[in-house]
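Trainee:
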Amino acid sequence: MDIHHIRNIYCVGRNYGLHAAELGNSVPDEPMIFTKPTHALVVADGSPVVLPEDRGDVHYEAELVLHIGRDYTPGMTVDELVDVMSLGIDFTLRDVQNVIKSKGYPWLPAKGFLRSAVVTKPIAFPGLEAIKSLELSLKRNGQEVQRGSASQMIFSLQTLIDYIASHYGLGAGDLIYTGTPPGVAAVQDGDRYELLWDERVLGAFTAKLGD
Ligand code: ZN
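First residue of the sequence shown? That's 15 in the numbering used here, and the numbers climb one at a time after it.
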């Protein structure tokens, strides 16, 4: 997976009940999908990630990220479609998002800014059955702040894939950020983040506020 060859970046909002609740949001009755420009992508390779400093709070949202390895045709399973997975952070300008939501404006300014889509190096997708017993977690300055598993998702990975494919299209080179578990909070300048899968670090970086 080369980030320069990613085609579409789909993201899922409110896919864990406890995260929807922590932001005072209702649980959706169908998947809430939005996209980010591919220019938002940055790899968690240890180097600093520069984020906006003058647009209110930037929240981290750690997520399981699926990479689609082939073009979708109806009936295909997650295991057939997903070749590798990563962990990622869907950075969100929370104050901007709150204004946008109240006005009914599109989410792009809150979700699509430069470096808002962090991804770790990819690993082989373990399969839909195995993934249910594995957990992602996020450490901030050495302390765990988020933990979750695909088994806690409101919409299953298969439901997300079928929904996205039938509404927007899905093909080789697309990424899906599958939503965040509870524990989101505002980034502080100099925070060190580590993304862990099954207690193993897949990627790390330092956040720098200063764009
Ligand atoms: Zn998210």
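Ideal Cβ positions, reconstructed from N, Cα and C, are used throughout, including at glycine.
1) Would you identify the three-state DSSP class for residue 28, choosing helix, strand or coil?
2) Assign residue 32 to one of two classes, buried (16 or more other C-beta atoms within 10 Å of its C-beta) or exposed (fewer than that).
3) Just curious, the beta strand (DSSP E) that residue 222 is in, first and last residue?
4) One question on the structure: do residue 66 and residue 100 come within less than 8 angstroms of each other, judged by their Cβ atoms?
5) Any heavy atom of ligand 1 closer than 7 angstroms to the Cβ of residue 71?
6) From residue 150 to residue 198, what distance separates their C-alpha atoms?
7) Measure the C-alpha to C-alpha separation of residue 83 and residue 185 and round it to an integer number of angstroms.
8) How many whole angstroms separate the CB atoms of residue 152 and residue 74, which I take to be in contact at a CB cut-off of 8 angstroms?
Mentor: Here's the rundown:
1) coil
2) exposed
3) Start and end: 214–223.
4) The answer is no: Cβ separation not under 8 angstroms.
5) no
6) 14 angstroms
7) Those two C-alpha atoms are separated by around 7 angstroms.
8) 7 angstroms
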